[in-house]
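Have a look at the structure below, then the notes.
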Amino acid sequence: MTTDTQTPADLREARPAAAPAAAAAAPAPLRIVAVDDESFQLKLLSRQLESQGAPGAELFSDAALALRRIREPGRAPDLVCCDLQMPTMDGIEFVRHLAEAGYRGAVVLISGEDGRILQTAERLARSQGLRVVGALPKPVGAEHLRAVLKAARAEAAPAVPASPTRKAYDAEALREALDLGHLVSHYQPKVELATGRLVGVEALVRWQHPRDGLVFPDQFIATAESSGLIDELTRQLLGGPHGVLAQARRWQDEGLPLQVAVNVSMDNLRSHGFANFVGECVARAGVPPSRLVLEVTESRLMRDPVVALDVLTRLRLKRVGLSIDDFGTGHSSLAQLRDVPFDELKVDRSFVRGAHADPALQVLLHSTVDMARQLGLKTVAEGVEDTEDLMHVRACGCDIAQGYRIARPMPAAALPAWHARWTREREGLWGPG
Ligand code: G
Ligand code: G
Ligand code: MN
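All the letters of the sequence shown, read from the start, carry residue numbers 320 to 752 under the numbering used here.
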């Protein structure tokens with residue numbers, strides 16, 4: 320019915336904002352600004368850049384002067400390299416000013432400090448919207464620098480205008496979408512790390528907007544919560560004729576008994592009726608209750624923790640799975656683990672991505688998995704984006720993995736073709752069997 324049914328699933332899930340910049344035809348010379356209080360280091364860096372095909376960097380030993388240069392209208396550089404340890408204005412402060420100035424180019428952080436500081440600085444810069452293409456320890460290696468320049472060139476290439484269709488939708492539009500059945504679930508596979516086998520999916524809501532195309536939940540879930548529509552949204556997605564449980568039943572009939580996970584909002588847990596509703600839906604679908612997992616994030620302050628706890632505990636008594644989502648981000652706290660009878664823990668993707676190369680993340684991941692095991696919880700690593708991370712979460716003893724390396728969320732109809740491809744790929748990664 321809608322126009323995007325012809326679009327391949329993978330393209331549909333490639334969000335506008337995440338679309339990679341088109342490859343530049345002929346690489347234009349990069350305009351580079353480098354900042355370091357030590358002039359020797361500056362010259363060294365400048366020479367290294369030159370030998371990597373990026374000559375003519377403008378060098379500043381004073382961060383304030385560099386900022387003034389960067390702010391010059393119409394002359395923004397493509398790449399800013401900055402040292403963290405500087406006496407008058409340190410790199411953290413410099414980066415904050417860069418973000419405030421609306422600088423849109425690439426950033427490279429350089430430091431002789433220990434790796435944790437560099438990584439924290441990198442996260443800090445990213446969280447302010449800067450495009451960090453590298454964080455390099457001193458002395459800067461040629462290999463590192465080459466990779467960083469490549470990334471900076473990709474960033475500098477004429478980009479697709481950022482996220483053309485991002486906007487927030489009001490309650491009225493959402494109400495209509497619910498009535499018209501425009502909200503659908505896409506499904507992201509979850510694979511068992513011991514074998515690589517597909518064991519479940521997470522349902523993620525999408526709005527098939529007749530005019531704007533595929534709209535993602537960050538553009539309407541908050542509205543659904545604040546306008547009281549979240550209950551109806553969840554009920555429709557879970558128990559509706561095209562809902563997640565009906566789909567679980569279809570998979571079961573096809574010999575694929577997949578566990579289905581559904582995200583619930585704290586607002587769903589404010590009425591005692593929710594546990595009964597879920598119980599009825601599961602019974603009507605004709606799947607065992609343990610086939611369903613509800614993922615809970617404490618996205619807002621629990622308004623009535625007693626009711627939420629009552630609902631969650633009754634769901635567990637009915638054998639519905641409960642998962643603590645985005646674990647480690649502060650929304651999900653140890654107190655919740657203490658109080659709620661969860662049986663699955665989803666490690667937030669910020670502890671997963673790049674963990675194979677980050678000793679601090681490794682410690683956090685290992686100890687989270689260890690704690691979960693002692694509490695009898697399964698662990699799911701979210702946000703597994705590359706093979707290194709996949710192998711790393713497997714080595715860490717996580718039970719299940721989910722992420723773009725395995726598959727992006729997709730319509731149910733696309734799952735069989737993906738599954739066939741994955742079965743072949745799995746042999747390569749896990750061996751036959
Ligand atoms: O792909 P992604 O953009 O789907 O999801 C973004 C966020 O939206 C995630 O944090 C996810 O938990 C949340 N989300 C996705 N689907 C639903 C849903 O059906 N209900 C609720 N409450 N949140 C959802
Ligand atoms: O908060 P929750 O865990 O429900 O959110 C799931 C979100 O994570 C969805 O928006 C989903 O599209 C997204 N997601 C799934 N896999 C990956 C991944 O490998 N990398 C990133 N960056 N996001 C992912
Ligand atoms: Mn989730």
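Even for Gly, the Cβ is constructed at its ideal location relative to N, Cα and C.
Bridge pairing for His528: Gly532 [DSSP]. At a cut-off of 7 angstroms, the beta-carbon of Gly722 counts as near ligand 2: some heavy atom of the ligand is closer than that. Under the three-state reduction of DSSP, Ser380 is assigned to coil, being neither helix nor strand. Rounded to whole angstroms, the Cβ separation of Ser642 and Glu614 is 5 angstroms, and the two are in contact under 8 angstroms.
For the pair Gly640 and Glu663, the CB atoms are nearer than the 8 angstroms cut-off. Residues with their Cβ less than 6 angstroms from any non-hydrogen atom of ligand 3, running along the chain, are Glu521, Asn582, Glu614, Asp644.
For the 8 angstroms CB-CB criterion, Gly448 and Leu428 do not form a contact. In this structure, the straight-line span from the alpha carbon of Val579 to that of Met585 is close to 19 angstroms. Ligand 2 never approaches Glu495 closely enough for any of its heavy atoms to be under 7 angstroms from the residue's Cβ.
Within 7 angstroms of the C-beta of Val524 there is at least one heavy atom belonging to ligand 1.
Between Val520 and Ile725, the C-beta gap is not smaller than 8 angstroms, which leaves the two residues out of contact.
In the structure shown, His738 adopts helical secondary structure according to DSSP, grouped into three states. When only Cα atoms are considered, Arg350 and Arg366 end up about 15 angstroms apart. For Gly460, same chain residues with a beta-carbon under 7 angstroms away, outside a window of 5 residues either side, do not exist.
The beta carbons of Val581 and Val563 sit closer together than 8 angstroms. Going by C-alpha positions, Leu512 is about 17 angstroms away from Gln681. Secondary structure at Glu617: coil, using DSSP grouped into helix, strand and coil. Nearest to Ala567 by C-alpha distance, out of Ala490, Asp667, Leu611, Pro529, is Leu611.
At a cut-off of 7 angstroms, the beta-carbon of Val703 counts as near ligand 2: some heavy atom of the ligand is closer than that. For Arg450, the secondary structure class from DSSP, reduced to helix, strand or coil, is strand. If you check the C-beta of Pro456 against ligand 2, you find no heavy atom less than 7 angstroms away. Each residue's CA atom was taken as its position, placing Phe535 and Arg525 some 5 angstroms apart. The three-state reading of DSSP puts Cys600 in helix, counting H, G and I together.
For the stretch 646-672, the continuous alpha helix (DSSP H) assignments of 4+ residues that do not extend past its boundaries occur at 653-658, in sequence order.
Boundaries of the alpha helix (DSSP H) harbouring Ala490: 490-499, taken from the DSSP string. Shown here, Gly640 sits in a strand according to DSSP, grouped into three states.
The beta carbon of Ala565 lies closer than 7 angstroms to those of Ala604 in the same chain, with the five residues before and after it left out.
For Leu557, the enclosing alpha helix (DSSP H) covers residues 549-558.
Counting every other CB atom within 10 Å of its CB across the protein chains shown gives Ala736 a total below 16, marking it as exposed.
Burial state of Glu599 is exposed, judged by a 10 Å Cβ sphere holding fewer than 16 other Cβ atoms. For Pro624, the closest alpha carbon among the candidates Val597, Gln655, Ala496 is that of Gln655.
The beta carbons of Ala373 and Ala425 sit no closer together than 8 angstroms.
The Cβ atoms of Thr553 and Asn587 sit closer than 8 angstroms to each other. Glu551 sits close to Leu497, with the two beta carbons spaced by under 8 angstroms. In the displayed model, Asp572 falls within a helix according to three-state DSSP.
The criterion of a C-beta distance shorter than 8 angstroms is satisfied by Thr687 and Val666.
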